[in-house]
Structures are given as structure tokens and as C-alpha cells.
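Residue 368 is where the sequence shown ends in UniProt numbering, and the numbering goes up by one at each step. What follows is a single structure, written as C-alpha cells, with notes after it.
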Amino acid sequence: MRKGQEDMKEEMREGQEEMKDEMRKGQEEMKNEIQTHVESKVGEIKDHVNSCIEKIEEDVQSVRREIGEVKGEVERKIEEVEDKVQGKIEEVKEKVQVKIGDLEKRLSELEDRPMNFPANSDLTYSRPTVKSLTFDGQTSWTVFKTQFDVVSSANGWNNRVKASQLVASLRGSAAEVLQGIPSDKLTDLMAIENALEARFGDSHLTQFYRTELKTRRQKPGESLQVLATDVERLMSLAYAECPRDVRDSLAAQYFVDAIRDEDTQHATRLMDAKDLKSALAYSMKYEAAKTVSKTSRNVRSIEVEDGTGKEKDEKFDCLLKTLEKLLNSHVAGKKNTPRRNPNVTCWKCNKKGHVQRECQTISPNQEN
């Protein structure tokens with residue numbers, strides 16, 4: 001029986017080995033089949049992808065060829081347009097040069113005509129003229145030159161006419177400057193102006209004006225507007241060569257330094273104005289507000305004092321009226337009251353001669 005069991009076990013082992021072999025063979029076959037199938041699918045996909053890539057490359061090449069053709073066409077069109085534009089520009093330049101030459105020729109003829117041809121009253125264009133000024137050396141040469149330039153511009157004078165008008169406007173010591181100018185330079189506007197500038201100009205006084213500007217202070221009774229005007233005048237003389245924005249900033253600083261009132265000066269300095277106009281406007285507003293506030297405080301104090309006095313007067317009048325009423329009622333009571341027994345006793349003060357309602361004795365409660 002034991003032998004039979006061992007045989008059975010042996011058979012079972014052999015059966016299990018056979019089954020394992022069969023299962024192993026089946027797995028290998030399935031694996032081979034799957035691998036074969038996957039490889040075939042991968043090959044198909046690769047072939048499809050390669051075909052797509054080739055097609056895309058062909059499309060890209062085609063697009064590139066088309067872009068190249070379009071680009072070449074565009075470049076040809078641009079060159080044609082540039083050639084046309086350049087040709088037009090050259091034509092316009094030539095026409096402009098011709099026009100400029102004609103205008104210069106006409107202007108030259110117009111400038112020379114007053115010197116070479118007599119004026120014809122029938123053909124002369126009459127326009128309003130501004131009367132020329134005079135300069136005697138006692139006033140500012142810079143101011144006079146500015147006015148003279150405005151007059152000459154309004155009258156349409158050229159440099160030759162301006163030179164003759166300037167010579168005719170000189171008086172006194174200013175006219176003596178002409179003695180130092182050569183006769184052939186008396187029609188040269190630049191030479192005459194340079195001589196007058198050297199004699200009466202403000203350039204050599206620049207340092208003096210700057211010092212005066214630094215030491216300028218507001219005078220007693222001088223308004224802020226007058227102070228600002230004087231600061232602006234000194235700035236134009238001391239820093240005439242500076243740019244406008246620099247002069248505006250410096251003028252504001254010098255104006256603030258010159259303010260007499262410390263509170264106004266401090267407030268305006270904190271405002272950090274960029275120009276004289278802004279500094280003046282702020283300082284005037286501050287002074288006005290300060291004045292209004294001071295006036296309001298005085299008015300309030302007067303009103304409080306008046307109110308207190310009125311209260312006292314009203315209380316005093318009320319007290320007088322009360323005393324008068326008491327006196328009147330007392331007198332009337334004495335007149336209308338019949339004569340009483342002198343032995344009658346007051347219940348209030350325990351004195352004889354009057355009753356309680358006529359008693360004039362002040363009780364302790366009334367005193368308090």
C-alpha cells in the first residue's frame with residue numbers, strides 16, 4: 001500500500017511537471033505572438049509617420065518656394081516704388097530750389113530798391129508806422145534795445161534802415177559814441193550796437209546786480225507785489241544769460257529770502273515754489289489768511305467782552321427794578337394800612353408795633 005502511494009505521488013509530480021512545461025510553452029508562444037504583433041504594428045506606424053513627414057516636408061518646400069516667389073515680387077515692387085519716389089523727390093527738390101532762388105532774388109531786389117530807386121507815391125504801400133524812440137544814455141540800454149527791436153520789427157525795417165534809425169535816435173552822451181565809429185561803419189548795425197553795448201551795456205554790472213539781489217530785503221510798508229517786481233527786474237539784469245527755467249527758480253528763492261515777515265517767509269519756503277509767480281501768489285494768500293484770522297480773533301474777544309458787560313447791566317437793571325417795586329409796595333402799604341394797636345406783636349421777630357407780613361427783618365435763609 002505504501003508503494004502504491006509513492007507511485008501515485010510520483011505520477012502527480014510527473015503530471016505537475018508536464019503541466020508546468022505546457023504552461024511555459026504556452027506563455028512563450030503567447031509572448032512571441034504579442035511581440036510579433038506589436039512589431040508589425042510599430043512598423044506600420046513608423047511607415048505611416050515617415051510618409052506623413054515626407055508629405056509635410058514636401059508641403060514645407062512648396063510653401064518656401066511660394067514665399068520666395070512672393071518675396072522676390074515684393075522686393076521688385078519696393079524697388080520700383082523707391083525709384084519712383086526718389087524720382088519725385090528729386091523733381092520736388094529741383095522745383096523747391098528754383099522757387100527759393102526766385103524768392104531770394106526778389107528779396108534782394110526789394111532790399112536794394114529803396115536805395116536805388118526813388119519812391120513812387122502812387123505805388124507805395126502805406127502801412128501804419130511806429131514812431132522811433134530816443135536814447136540819451138541816462139536810461140537802460142538793454143530796455144531801449146528791446147523797445148527798438150520791437151519798433152523795427154513792426155515797421156519792417158531791414159538792417160540798413162535799422163542802423164540809420166538807431167543813429168537818428170541817439171541823443172547827448174549816447175550820440176557822442178558815434179565819434180568813435182569809422183564813417184564806413186555808420187551803416188553797420190552790428191558795429192553801432194556793439195559800441196553802445198560797450199559804453200552803456202549792463203554786462204559789466206552783472207556782479208553788482210547779483211550782489212544787490214542777494215542783499216535785497218522787503219522794506220517797511222513795501223508790498224509783496226512791489227518786492228516781486230523788483231526781484232524780477234534784478235534777475236533780468238543779473239542772470240540775463242541763464243535759461244528761463246533757471247531764472248524762474250532763482251527768482252523764487254531770492255523772493256522768499258527777501259520777505260520781511262518770518263511766518264510768511266517760512267510758509268512760502270515750505271511751499272517750495274518753482275517760479276516767482278507761484279511764490280508771490282502763495283505768500284499773498286498766506287498774508288491775507290493771517291490777517292483775516294487775526295481780525296476774527298479780535299472780533300471774538302470784543303464780542304465776549306460786550307456779552308459779559310451786557311449780562312452785568314441786565315442783572316443790575318433787574319435788581320434795581322426789584323428794589324423799586326419793593327419800595328413802592330412798602331410805601332403804598334404804609335399809606336393804605338389803617339393804624340394798628342402799638343402793642344401788637346410780630347410773630348416773626350417778636351417785636352411790637354407791626355405784624356408778621358410787614359416785618360422787615362431779614363431771616364437767616366434770605367441772607368444765604
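Glycine included, each C-beta is placed from N, C-alpha and C at the ideal position.
Here the alpha carbons of ARG106 and ARG160 stand approximately 17 Å from one another.
Taking C-beta atoms as the reference points, LYS290 and ASP257 fail to come closer than 8 Å. The segment 220-235 makes no contact with the segment 190-201, as fewer than three CB pairs between them are under 8 Å.
Membership of ARG244 in the alpha helix (DSSP H) is indicated by the continuous run 244-258. Below 8 Å, enough C-beta pairs join the segment 248-257 and the segment 270-283 to call them touching: three or more. Counting along the chain, LEU213 sits inside the alpha helix (DSSP H) bounded by residues 206-214.
Counting the other CB atoms within 10 Å of its CB gives SER152 a total of 16 or more, which places it among the buried residues. Taking the Cα of LEU205 as reference, the smallest distance to any Cα among ASP102, MET12, THR142, GLU28 is reached at THR142. Comparing C-alpha distances from LYS131 to each of SER169, GLU17, LEU103 shows the shortest one belongs to SER169. If the five residues before and after VAL96 are omitted, its C-beta is found closer than 8 Å to no C-beta atom of its own chain. In the structure shown, LEU170 falls within a strand segment according to DSSP collapsed to helix, strand and coil. Distance between ILE34 and GLY43, taken at the CA atoms: about 14 Å. Burial state of THR36 is exposed, judged by a 10 Å Cβ sphere holding fewer than 16 other Cβ atoms. Rounded to the nearest angstrom, the gap between the Cα atoms of ASP245 and PHE200 is 28 Å. THR139 carries a coil assignment under DSSP once its states are collapsed to helix, strand and coil. With respect to the 8 Å criterion, LYS348 and CYS359 are classified as neighbours on the basis of their beta carbons.
For THR345, the three-state secondary structure derived from DSSP is strand. Per DSSP, reduced to three states, the secondary structure at LYS219 is coil, with no helix or strand assignment.
Going by DSSP, ALA228 is part of the alpha helix (DSSP H) stretching over 224-238. When the Cα atoms are used, VAL292 and ILE259 turn out to be separated by approximately 19 Å. For GLN218, the number of other beta carbons within 10 angstroms of its own is at least 16, and it is reported as buried. The alpha-carbon of VAL38 is positioned some 36 Å away from that of SER62. In this structure, DSSP gives LYS274 a state outside helix and strand, which the three-state scheme calls coil. When C-alpha distances from LYS214 are compared across LEU224, ALA238, GLN225, the shortest belongs to ALA238. Cβ-Cβ separation between ASP136 and SER173: approximately 7 Å, consistent with a contact (criterion under 8 Å). Note: LYS352 is bridge-paired with THR345 in the DSSP secondary-structure output. A distance below 8 Å between beta-carbons, with the five flanking residues on each side excluded, links LEU186 to the following residues of its chain, in chain order: ALA163, VAL167, LEU178, ILE192.
For ILE53, the secondary structure class from DSSP, reduced to helix, strand or coil, is helix.
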